[in-house]
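Participant: Chains as they are written, first to last, in this note's numbering: chain A, 12 to 938; chain B, 47 to 325.
The structure's right below; bear with me while I get my questions together.
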Amino acid sequence: MATLTPPKPAAQAALSFRVNGRAVQVSASPLDRLSKVLRDGLAFTGTKVGCDAGDCGACTVLFDGDPVCSCLMAAGQAEGHEITTVEGLAERAPIFGRLQQSFLRHGAAQCGICTPGMLVAATALLERKSEPSESEALDAIGGVLCRCTGYRKIITAILDANSTAEAPLSLAGGAVGKRLVRLDGQRKVAGSEVFGADEFPSDALMLRAIRCPHHRARFSFGDVDAFLAAHPGVIRVFTARDVPGENCYGVITPFADQPVFAEKEARFRGEAVAAVAGEPDAITALDMAQFPITWDELPPITDIDTALARGTFPIHSKRKDNVLVRGRVIRGEVEKALAQAEVVVEDQYDTGFVEHAHIEPEAGFARRVGDSLEVQACTQSPYMDRDDLAKILGIAPECVRIIPTAVGGGFGAKLDLSVQPFIALAAWHLRRPVRMVYSRTESIMTTTKRHPARMWMRAGASRDGKLVGVDFQADFNTGAYSSWGPTVARRVPVHASGPYFVPHYRALTRAIHTHLVPAGAFRGFGVPQTAIAQEQVYDQLAEKLGMDPLEFRILNALTNESPTVTGQVLGAGVGIRACFEALRPRWKEARSRASDFNASKTGPVRRGVGVAGMWYGCGNTSLPNPSTIRVGLKRDGRIALHQGAVDIGQGSNTIVTQICADAVGAPIERFDLVSGDTSISPDCGKTSASRQTFVTGKAAQMAGTDLKHAIIRLAGRSDDASISFGDGVIHVEEGDKRKRIHLQDLACDQHGYVITREATFDPPTSSLDENGQGIPYAVYGFGAHMAEVAVDVELGTVRVLKITAAHDVGRAINPTLIEGQIEGGAAQGLGHALMEEFFPGKGENLHDYLIPSAGDMPPVESILIEDPSPVGPLGAKGIGEQAVIPTAPAILNAIYHATGVRIRRIPATPDRIRAAILAAHKDVHLA
Amino acid sequence: MSLYYHPNTLEEAVFILAQQGGSILSGGTDFFPALGEKPITGTVVDISAIYGLKGIVSTPQEHRIGGLTTWTELIARPLPSCFGALKSAAREIGGIQVQNRGTVAGNLCNASPAADSVPALLTLDAEVELISTSGSRRIPLSQFIIGNRKTVRRPDEILTAVIVPRTLDDASSVFLKLGARRYLVISIAMVAVLIQARERHITAAHVAVGSCSVTAQRLSLLESALVGIPARPGIGQIVRPEHLATLAPIDDVRATAEYRMDAALTLITRALDECVRNC
C-alpha cells in the first residue's frame, strides 16, 4: 500500500499555475473555485461569474486550450496547467484581434457581460477550425448564455472573423444614421469593462443577507452576540434597528412600502431580515444556516383569488383589499357597441412570473467619506437610488453619491434597489468600505419579476372588418411590495387596444398584493402580457370574419388622424400601417410556404405563420420625466458630454453622442463621455420606458445646438455659420468670412469648460382624467412581428424558423444598435412565449429557469420604417421595449395556424401544447 | 474547514477514503453546483490527477471506459456502432465546457434521474467497477443506481470504470432527448434504443427511458415483444402504453407526469424506427 499523500489543508495555500502564458503564484484555498481565484486573487476580472453552477458560461476560460467553466473547477486542479482568460487571448491566438473587430462591427456585444465567455469559446473554435460552419459556431457557444443580443449577431461575428472589413467612420455632422461601432465597445471586447462586482477597495468588508426561507413568516433573533463571538472576522449583524432614516423605500414614492430589513414578519421568500458584515474570508466561510434566528411560518397568500377573497387579511394594513392600485381607460360606450357588433370574440389568458435573467448578478460597494456616502454599483437609475438611499440613511440627497458601473443586463430589474441599501447601511455604520455580490439564487429569488397576468378580453367588429369595441380587464399579481406595480396597472389600459383605432373601449386593471416576490419593471411594463391577449383575440376575430389576419390589422391600423383610446390624435409619425404593409409580401410568401409544406408532408411537423402588432408609449405615463444634458467645450478643443443616461447595453452612450455630435457639428471622435456619476453629471432619468433615445437624445440635441450657437456667437457670426474643430482651435466660417477661436486664450467656467451648455427636455404630456383621457405620451413606437414556426404535434415542441420584424423607429440613429434591440427583444419574446416561467420557491437557478440558448434563436430580419415623430430628436422614437412586445403573440398565433390550437396559459411549453392538441383532436397521430 | 487531497494514484485515493472518508471531486460539474452557497466542509479527495482512470481500452471481451474519461474524450474516440446512442447523449451533456470536464463516473455517481448517459449505458448492458482498499467489485449499472441521487457505492469506494461487453458491438443505437430548449437543458424525457439484428430480424432489443422515474429504466416487456420480429421501419408502432407501465414520472417545473408518459411513448416509437433504419 502506498503511503498517504501529505494532507494539504484547504485553508490558504500557495498555488502555482500558468495564466495567459505566465507562471503565477497565488495564495488561495485549493478548493476555491478557479473563477474566484482568477478574479479576486489575480485580478483577471474579464472572467465573469453569472451563476456559479455551469449554467451560463460567463466564466469560460481555456484550460490547456479547452473551454471550461472556471466556476466548476477547484483552483488546486489548475496546478501545473495553463489557463487562458479573455485578457490572454490576443497573445495566444492571432485570430482574436479580428474576432474582436468582428464583434464590434456586427454589434455582437451589447451589455458585454457574456462577451468574454463568448470570445473565449469562439476563439477555441477558431483555433481548431478557421472557417467553421454555422452549426459548429452554435455548438461552440451553446454553453454560454446571452440575454441581450438574441445570439444572431454573435454567430455572424464568429463566421465573419476572418474578414478585414472596417467599421464605418463618420465625418462631422454625419454621425446620425451610421452603423457606428458602439463607443464603449472596445472595453467590452477586451474584457476590461467594469461591472458591479469588478472593482472594490482592497480593504472592503463583505456583506451577506439573512433571508426568509418561507413565503411568509414571523421571526425572532437568537443570541447574535454569541454568533459574532463564535465567528472571528464577522464584525457586525445589521437589522431593521440599524436603519437611521426610514426603513422604507420604493421606486414610486407615494407607494413606497418595502423595508430594507423586514420587521417582525417577512412578506416573501427571500426577503432580507438581517445582514452579516465582516472580513471577506470569514463571510465566505459562513454557513448561513448557523445564524441564530427562529422562523415561524405563517399561511401565505400566493394567488390573486385568495388575495381578493372577502375576509382575507391585508398584506399591508394601509391597503385593506390587497389592491395596490387600479387603472382605467374608458372611451365611448363599449357595452352598447359590443352588443351591436356583428362579430364578437371573448377570451381569457394567463401568464406567469418572468425573470429578467440578466447574466450579471447585482453587485457593488459603498464607502463613507466624512458625512457623505458613495455607492458604486450596477444600476439603471442613479438619481432615484441616490434619493432613496438618502431617505434610508436620514441624510440629504446631496450627501449620497452614486457611481454607476457598466450594467451587465438590466431589462428593468436594476431600476429597483438591490444591494445598495445593505452596503450603504453597513458602510455608514462601520466607516469601512463594504461590498456585496448577489448569488444567482439570491438574484432570482429576490429581485423583481414580470407580473403574472390574468387577462380577459372581449372585442367586436362589424361585418366589414372594422373594430367597433374592446372590453379588457386584467389583474396583475404584484407580489409583496409596490415596486413598479402602479406603472404596470396604469400603462396597460392605455395600450390594450393595440395600435388600432378602437372607437369604444374600456380597460380596467388592478395590481394585487400576494406573499410572493415583488413584480416590477420588465421590458414593457405589462404591455407584452397584454399583447398576448389582444393579438390572439384579434386573430380570432379575423378568422370569424373570414379575413386574413394581416389584412384585418392593416384595415384597423391607427392613422395620424384617428384618435387613440385616450383621445389623443398624434397628427404625424404613426407608422404602424407601414410596418404591416412592409410585412405583406413576406407574409404571403410565408403563409403559402407553410401550407405547401403541410400539404406535402405527412409527418408530425406542422408549420404555421403568425403576426402581431404593437404600439408603445415612450417615457413615463403622464408624469414628468426630464433629462438634462450638459456639454462642455474644453480648452484642447474636445467636447465633454455629460451623458447621464445609463447604458445597460442598449447603446445610449453611442446614440446620445451621435445625436449631440451632429447637433454641434463636430466629429464623434472629438467627444469625451462623462458618466452618469451623480456628483458630476446632471440627471438623465432612469433607463427605462424606452425613453433614452427620445428624451435624453432630445436634450442632447438641444444642448449640442446651444453649444454650436454659443461658439458661433463667440466668433460674432450668425447661426448659419459653419464650424470646424482642431486641436485647441475652432474655425468659424460664414460665406467668405473666417475666424479662428484659440481656446487656450479663453477662461474656464466653474465646470472647467470654456463654454458650458445645459438643456433639459421633458416630453409634453398631460394628466389623464378619471376615464383615462388625455395625452399619456408625446411619442409612440410602432411595430409588427411575423413568426414562422414548426410544431411537432406529437411532442408539442416548437421550433421558431424565422422572425421578421418591422418597426417604425422614426429615425434610425444607429441601425446596428436598433437591430440589436430588435433581435434581443425577439429572443426575450421567444422565451416568454415558449419556455420562461418562474415559480417562487422552485428553480431559483438558470437550469430550471430556462432562457433561450443560441440554438433556439432563428434568423431575425429587421425592417426599419422611418416615419418621423414631430417631437423626438430628428424624429427618433424608442425601440428598447417595443422590440419584445409583438414576438410572443406572433409565435402563439403561428402555433395556432400550424395546429389549430390556441394556447391560453403562457408559456406554451411542450406539455401545454401537447395537452391542447390532445384535447382538440383525440386522434391526432398524424404520422 | 476542510481537507483537500489531490492524490496521483488510485491506491492513495482509496487509502484516504478508507481512513477518513470524504467527498470525491473530479470534473466538478456536479460537485460545485451542489454546494449552492454553503462552504465546503470535511475531506475532499480530488481524484482528477489519477491518469490511470482516464481513457477507453478495448479487449476482445469488453470495452473498459475509465471512470475519469470525459465526455469530450468519449465523443472523439472511434467506437463500434452500439455506442452511437452514448455519443449522442454525451453531446447533450451541458455545453462543451461541461463535456470537457464532466466524467462518466461522475454522471453515474451523481445519479440524477435526468443523467443523460444512463439510458444509453443501460442499453449497453454496462457494468460499473468499484474499488476500495478491501478490493474491487463489479455490479450491473441497473443495480448500481437505486434512487434519486442514490447508488450502492460505499463511501470508501471509487467508481473506476464502466465496462461494456463486446457482444453488442454490431448493434445500432439511437438516443433521443426532449427538452424545452436546444442547449444546456435538463431533459423532460429521454430514450435510448439499441437493436441487434440477424438476417433482418431483431435478435436483441434494449430500450431505456430516463427522466420518467427516479432511476432510468429498461422496458423489458417491450424488449421481449421486439425480439424475433422483422427489423424494418414501422416497428415503432408496436409500442403500447402497457410497455411503459413500470415508469413513474412526476410533475415538475419542466412538464407534467402525463405529458412525460405520452412523450416517452412517442420518443420510443421514433427511436426504434430510426434505429432499424441504421441496422
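For each residue, glycine too, the CB sits at the ideal point set by N, CA and C.
The structure presented is a predicted model; accordingly, all values stated were derived computationally and were not measured.
Identify which residue in T898/A, V187/A, I786/A and I824/A has its Cα closest to the Cα of G578/A.
Facilitator: Working through the first sequence from its first residue, we reach residue 578/A at position 567. Here the closest residue by C-alpha is I786/A.
Participant: Any idea what DSSP makes of L49/B, helix, strand or coil?
Facilitator: The residue labelled residue 49/B in the question sits at position 3 within the second sequence. L49/B falls in the strand class under three-state DSSP.
Participant: Could you please tell me which residues of the stretch 78 to 90 of chain A, in chain order, have their CB closer than 7 Å to any CB of chain B?
Facilitator: Hits within the stretch, in order: P78, V79, C80, C82, L83, M84, A85, G87 and Q88.
Participant: Is there a C-beta anywhere in chain A that falls below 8 Å from the one on L99/B?
Facilitator: As a first step, residue 99/B must be located in the second sequence, where it is residue number 53. Not an interface residue.
Participant: Give me the DSSP bridge partner(s) of L216/A.
Facilitator: To locate residue 216/A, count along the first sequence from 1; it is residue 205. Looking at the DSSP assignment, L216/A forms a beta bridge with V445/A.
Participant: Leaving out the 5 sequence neighbours to the left and right, which residues in its chain are closer than 8 Å to L861/A when beta-carbon positions are compared?
Facilitator: Your numbering for residue 861/A matches position 850 in the first sequence. For L861/A, where only same-chain residues beyond five positions count, the Cβ hits under 8 Å are G842, M846 and E847.
Participant: Look at V448/A and A605/A and say whether their C-beta atoms are less than 8 Å apart.
Facilitator: What you label residue 448/A is simply residue 437 of the first sequence in a count that begins at 1. What you label residue 605/A is simply residue 594 of the first sequence in a count that begins at 1. Going by C-beta atoms, V448/A is not nearer than 8 Å to A605/A.
Participant: Could you name the residues of the stretch 407 to 430 of chain A whose beta carbon sits closer than 9 Å to any beta carbon of chain B, in the order they occur along the chain?
Facilitator: So nothing in the stretch comes that close.
Participant: Apply the 10 Å Cβ neighbour rule to D922/A and answer buried if 16 or more other Cβ atoms are within range, or exposed otherwise.
Facilitator: Here residue 922/A is taken as the residue at index 911 of the first sequence, counted from 1. By the neighbour-count rule (16 or more Cβ atoms within 10 Å), D922/A is buried.
Participant: Residues in its own chain within less than 8 Å of P310/A by CB, not counting five upstream and five downstream?
Facilitator: Locating residue 310/A in the first sequence gives position 299, counting from the first residue. Excluding residues within five positions, the ones whose Cβ falls inside 8 Å are R227.
Participant: Enumerate in chain order the residues of its own chain whose CB-to-CB distance from A789/A is below 6 Å, with the five nearest sequence positions on each side excluded.
Facilitator: Translated into the one-based positions of the first sequence, residue 789/A becomes position 778. P774, P775, T776 and V882, listed in sequence order.
Participant: What residues of chain B sit near S611/A, judged by a beta carbon separation below 8 Å?
Facilitator: Residue mapping note: residue 611/A aligns to position 600 of the first sequence, counting from 1. In chain order: nothing, as chain B lies at least about 20 Å away.
Participant: For C410/A, collect the residues of the same chain with a Cβ closer than 7 Å to its Cβ; drop the 5 residues on either side in sequence, then sort them by chain order.
Facilitator: Position 399 of the first sequence, counted from the first residue, corresponds to residue 410/A. These residues qualify, in order along the chain: D382, S383, L384 and A401.
Participant: So what does E308/A bridge to, in DSSP terms?
Facilitator: Reading the first sequence from its first residue, position 297 is the one you call residue 308/A. E308/A pairs with A228/A.
Participant: Provide the residue span of the beta strand (DSSP E) that contains F736/A, from first to last.
Facilitator: As a working mapping, residue 736/A is identified with position 725 in the first sequence. Note, F736/A: beta strand (DSSP E), S733 to G737.
Participant: Quick check on DSSP: helix, strand or coil for S104/B?
Facilitator: Translated into the one-based positions of the second sequence, residue 104/B becomes position 58. Three-state result, S104/B: strand.
Participant: Using 8 Å as the limit for Cβ to Cβ distance, is D647/A near chain B?
Facilitator: Position 636 of the first sequence, counted from the start, is the residue given in the question as residue 647/A. Not one chain B Cβ lies under 8 Å of D647/A.
Participant: Does the stretch 860 to 875 of chain A come close enough to the stretch 821 to 830 of chain A that 3 or more CB-CB pairs lie under 8 Å?
Facilitator: With the cut-off at 8 Å, the stretch 821 to 830 of chain A and the stretch 860 to 875 of chain A touch.
Participant: For the beta strand (DSSP E) that R339/A lies in, which residues bound it at each end?
Facilitator: Your numbering for residue 339/A matches position 328 in the first sequence. V334 to R342 is the extent of the beta strand (DSSP E) around R339/A.
Participant: Using a Cβ-Cβ distance under 8 Å, would F433/A count as near chain B?
Facilitator: Locating residue 433/A in the first sequence gives position 422, counting from the first residue. With 8 Å as the cut-off, F433/A does not count as an interface residue toward chain B.
Participant: Under 8 Å, CB to CB, which of the residues in the stretch 922 to 936 of chain A have a partner in chain B?
Facilitator: Hits within the stretch, in order: D922, R925, A926 and L929.
Participant: Taking the beta strand (DSSP E) that H742/A falls in, what are its first and last residues?
Facilitator: Within the first sequence, numbered from 1, the residue matching residue 742/A stands at position 731. V740 to E745 is the extent of the beta strand (DSSP E) around H742/A.
Participant: So what does DSSP say about S174/A, is it helix, strand or coil?
Facilitator: Position 163 of the first sequence, counted from the start, is the residue given in the question as residue 174/A. Of the three classes helix, strand and coil, the one that applies to S174/A here is coil, per DSSP.
Participant: Taking 8 Å as the CB-CB cut-off, is T52/B touching chain A?
Facilitator: As a first step, residue 52/B must be located in the second sequence, where it is residue number 6. Reading the sequence as shown, one finds His at residue 52/B and not Thr. Cβ-Cβ to chain A under 8 Å: yes for H52/B.
Participant: I'd like the list of long-range same chain contacts for Y50/B, defined as Cβ closer than 6 Å, with 5 residues on each side in sequence excluded.
Facilitator: For the purposes of this step, residue 50/B is taken as the residue at position 4 of the second sequence. So the qualifying residues of the chain are V90.
Participant: Note down, in chain order, each residue of its chain lying with its Cβ closer than 7 Å to the Cβ of P635/A, except the 5 sequence neighbours on either side.
Facilitator: For this step, residue 635/A is matched to residue 624 along the first sequence. Closer than 7 Å at Cβ, skipping near neighbours: D773.
Participant: Cα separation between T197/B and A157/B?
Facilitator: Counting from one through the second sequence, the residue named residue 197/B turns up at place 151. Counting from one through the second sequence, the residue named residue 157/B turns up at place 111. In a straight line, the C-alpha of T197/B is about 7 Å away from that of A157/B.
Participant: Quick check: the Cα distance between I281/B and I248/B, rounded to an integer number of angstroms?
Facilitator: To locate residue 281/B, count along the second sequence from 1; it is residue 235. To locate residue 248/B, count along the second sequence from 1; it is residue 202. When rounded, the distance between both Cα atoms is 10 Å.
Participant: Give the range of the beta strand (DSSP E) segment to which T815/A is assigned.
Facilitator: Taking the first residue of the first sequence as position 1, residue 815/A is located at position 804. Looking at the DSSP string, the run of the beta strand (DSSP E) that includes T815/A is T808 to D819.
Participant: How many angstroms separate the CA atom of Q197/A from the CA atom of P415/A?
Facilitator: Taking the first residue of the first sequence as 1, we reach residue 197/A at position 186. Taking the first residue of the first sequence as 1, we reach residue 415/A at position 404. Roughly 19 Å between the two C-alpha positions.
Participant: Across which residues does DSSP place K196/B in a beta bridge pair?
Facilitator: Sequence index remark: in the second sequence, residue 196/B carries index 150 (1-based). DSSP, once it has assigned bridges, lists G193/B as partnering K196/B.
Participant: Examine chain A for any beta-carbon lying closer than 8 Å to the beta-carbon of T206/B, and answer yes or no.
Facilitator: Working through the second sequence from its first residue, we reach residue 206/B at position 160. Cβ-Cβ to chain A under 8 Å: no for T206/B.
Participant: Classify L71/B as helix, strand or coil using the three-state DSSP reduction.
Facilitator: Taking the second sequence and counting its residues from 1, the one referred to as residue 71/B is at position 25. Residue state, collapsed to three classes: strand.
Participant: If you draw a straight line from the alpha carbon of L566/A to that of G624/A, how long is it in whole angstroms?
Facilitator: Taking the first sequence and counting its residues from 1, one reaches residue 566/A at position 555. Taking the first sequence and counting its residues from 1, one reaches residue 624/A at position 613. Cα to Cα, the separation comes out at about 13 Å.
Participant: Counting only Cβ pairs nearer than 9 Å, list the residues of chain A close to K84/B.
Facilitator: Walking along the second sequence from the start, residue 84/B turns up at place 38. Correct list: D298, M299 and A300.
Participant: For I263/A, tell me which candidate among S494/A, I413/A, A54/A and P212/A has the shortest Cα-Cα distance.
Facilitator: On the first sequence, position 252 is the one that residue 263/A refers to. The shortest Cα separation from I263/A among S494/A, I413/A, A54/A and P212/A belongs to S494/A.
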